Amino acid sequence: MDKKNLIKQIKEGLISEEDALKILEDKGYADVGENAKIDFSRRDRRGFPEAIYCASKDDKSLIEIFKSFYERGESVIGTRASRRQYEIVKAVIDDVEYSDLAQIISLDYSKESEKIGEIAIVSAGTSDLPISLEAEITARFLGAKVKAYRDVGVAGVHRLLDKTEEIKKANVIIAIAGMEAALATVLAGLVDKPIIAVPTSVGYGANLGGITALLSMINSCAEGVSVVNIDNGYGAAYQACQINRLITKGNK
1 MDKKNLIKQI KEGLISEEDA LKILEDKGYA DVGENAKIDF SRRDRRGFPE AIYCASKDDK
61 SLIEIFKSFY ERGESVIGTR ASRRQYEIVK AVIDDVEYSD LAQIISLDYS KESEKIGEIA
121 IVSAGTSDLP ISLEAEITAR FLGAKVKAYR DVGVAGVHRL LDKTEEIKKA NVIIAIAGME
181 AALATVLAGL VDKPIIAVPT SVGYGANLGG ITALLSMINS CAEGVSVVNI DNGYGAAYQA
241 CQINRLITKG NK
């Protein structure tokens, strides 16, 4: 539990001073069940809470992990979660929410708090929407203001040009595209902000499950483009939020 939330719970009588001291004195992580060690001190070290990668986790471990966050009043998101996994967690913790397209389970106690800065999430096609939503939900969860620009790929570049002046207002830009993934390069030639490129697995045979898009983005001739793994909307959002936070602090 972060210290502000801990103080709030003490004031509201939701936790005793004795239990609060135990939390402050703990080792920063907790053994949960037989298979997991939860890093509760990550927010204090890195500024953002831990995330759970849900794919391939067994039901028992997943429930135990989410319960450990819930019982401590900690926010957490679970990525690559199936609806079935959401339903088994929801049966135990009613506070969780789910996005089918993004495949994210969220337990968010800070969603009403003020968001900072601005991140633009620009996606090439409607088929990229699941990855775009993963990035959007993650960035908002991590405390950033987000504006999404969807279906503005280079096959109809006038759609992108129509939004370029708005996109320029953001502190950092996430560019999401499959197929030949030209969006990141074109966008980087139009704006003066850092761009985090996300190659997606969208495309026909020679897209090679996103490898073609990945290589295209890595080989961008435009400066200022960094690239994350294929379909990794979460990773792009995390990096964008780190940059956004630094810029926002610097502007104060």
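Each residue of the sequence shown is one higher than the one before, starting from 1 at the first, in UniProt numbering.
Beta carbons: idealized from backbone N, C-alpha and C, even for Gly.
As the structure is a prediction and not an experimental result, all values here were calculated from the model.
Short Cβ contact (9 Å threshold) for residue i with residue j
i, j, result
"ARG43", "GLU74", "yes"
"ILE211", "ALA197", "no"
"GLY47", "PHE66", "no"
"SER123", "GLY153", "yes"
"ALA135", "ALA240", "yes"
"PRO199", "ASP231", "yes"
"SER56", "VAL32", "no"
"ILE137", "SER99", "yes"
"ASP59", "GLU50", "no"
Residue i burial status per 10 Å Cβ neighbour count (16 or more: buried)
i, result
"VAL157", "exposed"
"ARG84", "exposed"
"CYS54", "buried"
"CYS221", "exposed"
"ALA91", "exposed"
"residue 293", "It is not possible to answer for residue 293, since the shown part of the chain is limited to 1 through 252."
"ALA155", "exposed"
"LYS168", "exposed"
"GLY203", "buried"
"ASP142", "Here residue 142 is Leu; the residue named in the question, Asp, does not match the sequence. Burial call: buried."
"GLY13", "exposed"
"LYS193", "buried"
Same chain only: Cβ atoms within 7 Å of residue i, ignoring 5 sequence neighbours per side
i, result
"ASN229", "GLY235"
Nearest-angstrom Cα separation, counted from residue j out to residue i
i, j, result
"GLU64", "ARG80", "17 Å"
"VAL172", "LEU107", "26 Å"
"LYS37", "GLY189", "44 Å"
"ASP128", "ILE93", "30 Å"
"ILE10", "GLU112", "21 Å"
"GLU114", "GLY205", "44 Å"
"ASN251", "GLY117", "10 Å"
"ILE119", "ALA184", "15 Å"
"ILE243", "ALA144", "11 Å"
"SER61", "THR164", "45 Å"
Sequence-distant residues of the same chain with beta carbon closer than 6 Å to residue i, five excluded per side
i, result
"ARG140", "VAL146"
"ARG150", "SER123"
"ILE174", "ILE121, ALA135, ILE196, ALA236, ALA240"
"VAL186", "VAL154"
"GLU97", "SER106"
"VAL225", "ALA184, ALA188, ILE195, ALA197"
"LEU160", "VAL152"
"THR126", "ASP151"
"TYR86", "TYR98, ILE105"
Close-in-space but distant-in-sequence residues of the same chain around residue i (CB under 8 Å, 5 per side omitted)
i, result
"ASN207", "GLY178, MET179, SER201, ALA213"
"GLU17", "ILE10"
contact_flag[the region 236 to 244, the region 203 to 217] where n(CB pairs < 8 Å) is 3 or more: no
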